[in-house]
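Residue numbers (the UniProt record's numbering): 1 to 1206.
This is the structure in structure tokens:
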């Protein structure tokens, strides 16, 4: 509708209802901003979001179907105006549309054939491109009306009579949507919230009776208390209930007291129960019902209440527990009802829950999974069925057939129909087996037919499923699942009927006649699913010792196996059953295997492979030959495979027939499929198998590895198994056999590197896949762990010049930098993994800086220096680990000679060079990303003179806040601990460590810098500094000589950090105060700090708190307050306790102040004339009138009593 239509908007009802319905639904999303009504250049209305995207809505409430040509006109108009953005959608709201059109719209994104069909219908190129943005919502304007009333009732979150809801919604439609549309205006989230707030205030104001602005809270609660004893009180009138439900503190005052009260006649309170529609009240109301099931009259009332109030629209904004509460209470009534007096009522309730409760008509689908609720309803139906008579059981059967989707569920979970429904059907069949089985088959076939019609009128059910479960895998365990109606109903019913039959031959004749169908005989009346349902029976007969019975069963199974039709395929189900059938003779298993392999030459499923592997493991010569033959058959590799099944087959026979397993393995890795076609991901699994061969037979394993390495060129798959089979790459160093590691080094790695002249360029040419080279450096780490330092460094010296890792854009394996750690660091992302060839070199060098590597320290420093000077930031990052280990050990002494340094004095100059990581010239992003690794290195390099230390901390001061927070321990060390750290220093030389004395170090400069840094960084980053001081105080032993000095340091800075309140710091501040008060040292000073910080917190709330922030700030007050208040009461007395509690209760009433019953009870110690105690009780009452009503009354009454005495 264009400009002309704006002035005739009252006649466009469907558009108005659609607009308001979608507006209310999208309020669920916080990024939704507003609805724009008939904006310039648009037709109906748009839904607009904070990122600029919009949903362009077109409402077409026509008697006829919305068609292809209608869609073409809509798109042509939108595209002509050039208003469709990249992220936008086009939503068509209509009461009727061509189902084929919706299906085609969905398929056009994936199929060129469908795009061509739109082209034939006259859609232009840009229109076809826009089809992917089109969505449909099929809804009638009549039902939209109902939905809007339901949505609005839920949104306001207080109760109004339905006639008021209708009046108010209609008013909003008229004033905001109708008139707003004429002006092309917008209606926002804030607008509707404001409308609701004004509405709530107006309802409360008009009530007068329970308006807190017009009356004192004490008077209101007193009258509510009286009304709780009188169901006829005017408080329970509609107008007063509306006002009451809009004030939660008053409403819960009522409900909390009613929950503890016995109500003999719930009927007398019928007006109150209407409030169940308000989400936050429904739980309490249903608990009242639960507590009053003592009388038959109440039970009748509750059941009738449920029947009357099971509406057709579920809650949208919150999870709807209505169904579960109804089921729970109805079950209790049934359990208490031994004579089944209420069984019909229970059935009517379940029927309504199943048939009338819906949420699938909303455009925005529910965000919850309601399968649990459906399951609970189904359990109640099953309970009803068990207690029901014949007539009621038939009603239940009809309900199930008409209301449930019986044919789509398969696999582990129930999406459509709970398991209990299928169990009811099974019980129903067994009561008249032969007749009802055939009845159910017809019902199921009709459901299939109806279901397939949705995909096109020509698609029919002719006994074969068109879609269904496939084989799935978890780890190396494969399963194929069938439909739930087979597994939970038909199969157990048939099996029970056969096994329990007194005349098995007669039972078998019935099954043969009615349930077993050859491929050519399958039809809608003789569906294939019956073949699958009787498989356990046929397999049982196949096991029979009677040759005639067994052969008959074999022929049936063979026909099923060779049939090319069926979903899931019967051969998969048969072979899966054989896999889990240890009692079946191996010869009989092999006979069924041959039924397929003789015809096709290769296994028809993974289950066949598992059976053959198991037989080969037992030494079956035919099975062993089959495995070998498959490896040489190209057809074996053409099949779709979940994983490399052959590797699992080899593993199965590995222990029992190692020689045969190795022969199969070699055949496999020499196959063209493995070398050139297999997914390389699987090659890592194969490498593990080669490692296992190597462990079991070193010579055999090394022969395979050497033979592989001598090939002129190696594919990626070959490189993976060559390099990742040399050690247990999935385990740690302790998982390796050091003898095997040494032998692999001596007999393969060392000769292999020598054969390539230890030239990294030749190695890269041979091992083109960077991860293969990386694996060789990982191998060297295993050598280092076992103190083989010479061998380790021999490998590192080769690969430290490897091109991997690459700078941004230079990696041929990663041209888009998806995995480029250097780029991630440039982007400010902290590295989180050890990766790349040179990266692993840094990690391995760290492992060498141990006592066993002392003789190679100079070499270790030189190699570390090379990495610190690398252009790649990730390599610098990994170099920091090696540098950190060197720095940590540099001034340690040898375990057997305390007068000799680990380094020796001649290595310091080399280490000083290696320390130059050049982080100070890096970008803020790099500093942020590398803060932890760089600081890990420099955390151990604290032996700095004043000049170097000042340069260092000033460099750190220039880091981003996150990096400064990581450096908190260093700032604190140089400010408070460095000055006196080297009093008895004896490791001086003419060049090093001769200027570390306290007389040459001015710590005031560093203290000033520390305070500057704390002030400079964001408050949330100050937590790291607070944590350091908390740790200092927590571990402080007051018996040590310098305890007071350390206390003063910790206290001073915590005091400094409390100069303003910050929520990110508050918890650790209060925790520290609590912990230190418990030690009883300096209690008064901690008390002073506590009061100071409480006052800061109170001021913060006064300046910053707003009611709309209640949800965010509700939990901000510290839960440590309770413990601290008790400690103050214990150590300093009740007056100091009252002083602190007084401040806390002055926090905004919307916040949780953790005032436990124990704390509140201490108020009773004070005389009733104490104004502070009285004020505290008043504030507590204001926070929670329901909880503190009795306390306030008790206090008031005692004051009155004292006055009388005086």
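In this text, a Cβ means the ideal position worked out from N, Cα and C, and glycines have one as well.
Fair warning: this is a prediction, and the values are worked out from it, not measured in the lab.
Note on geometry: alpha-carbon atoms of residue 64 and residue 97 lie some 8 Å from one another.
The Cβ atoms of residue 49 and residue 57 do not sit closer than 8 Å to each other. Around the C-beta of residue 1022, 16 or more other C-beta atoms lie within 10 Å, and the residue is accordingly described as buried. For residue 17 against residue 144, the beta-carbon gap comes to about 4 Å, under 8 Å, which counts as contact. Along the segment 315-385, the alpha helix (DSSP H) occurs as fully enclosed runs of 4 or more residues at 322-336, 343-355, listed in sequence order. The beta carbon of residue 961 is closer than 7 Å to those of 1017, 1018, 1021 in its chain, skipping five residues each way along the sequence. Using a Cβ-Cβ distance cut-off of 8 Å, the segment 549-556 and the segment 439-458 are not in contact, since fewer than three pairs of beta carbons, one from each stretch, lie closer than that value. In this structure, DSSP gives residue 961 a helical state, which the three-state scheme calls helix. The C-beta of residue 251 has 16 or more other C-beta atoms within 10 Å across all chains shown, which makes the residue buried.
Under the three-state reduction of DSSP output, residue 410 falls in the strand class. Each residue's CA atom was taken as its position, placing residue 307 and residue 267 some 15 Å apart. For residue 56, the uninterrupted beta strand (DSSP E) segment begins and ends at 54-60. With 16 or more other CB atoms across the displayed protein chains lying within 10 angstroms of its CB, residue 1185 is buried.
Separation of residue 132 and residue 74 (C-alpha to C-alpha, rounded to the nearest whole angstrom) is 14 Å. Closest in C-alpha terms to residue 320, from the list 104, 344, 371, comes 371. In the DSSP assignment, residue 116 falls within the alpha helix (DSSP H) that extends over 112-120.
Separation of residue 469 and residue 570 (C-alpha to C-alpha, rounded to the nearest whole angstrom) is 12 Å. Counted as a single uninterrupted DSSP element, the beta strand (DSSP E) harbouring residue 48 occupies residues 45-49. Just so you know, the alpha carbons of residue 225 and residue 331 end up roughly 33 Å apart. Secondary structure of residue 162 (DSSP, three-state): helix. In this structure, the straight-line span from the alpha carbon of residue 802 to that of residue 839 is close to 10 Å.
Residue 1084 counts as exposed, since fewer than 16 other C-beta atoms from the protein chains shown sit within 10 angstroms of its C-beta. For residue 32, the enclosing beta strand (DSSP E) starts and ends at 32-37. Straight-line measurement puts the Cα of residue 322 at about 54 Å from the Cα of residue 927. For the pair residue 240 and residue 209, the CB atoms are nearer than the 8 Å cut-off. A Cβ-Cβ contact shorter than 8 Å links residue 804 with residue 773. Taking C-beta separations shorter than 7 Å and ignoring five residues to either side along the sequence, the partners of residue 609 in its chain run 603, 645, 649, following chain order.
Residue 969 sits close to residue 1028, with the two beta carbons spaced by under 8 Å.
Across the structure, residue 725 and residue 949 are spaced so that their CA atoms are roughly 48 Å apart. In terms of Cα proximity to residue 434, the closest of 447, 498, 396 is 498. Around the C-beta of residue 62, fewer than 16 other C-beta atoms lie within 10 Å, and the residue is accordingly described as exposed. In terms of Cα proximity to residue 422, the closest of 446, 385, 449 is 385. A Cβ-Cβ contact shorter than 8 Å links residue 1179 with residue 1146.
DSSP lists 90 as the bridge partner or partners of residue 134. Sorting 600, 867, 851, 60 by C-alpha distance to the C-alpha of residue 837 places 867 at the top. In this structure, DSSP gives residue 1179 a helical state, which the three-state scheme calls helix.
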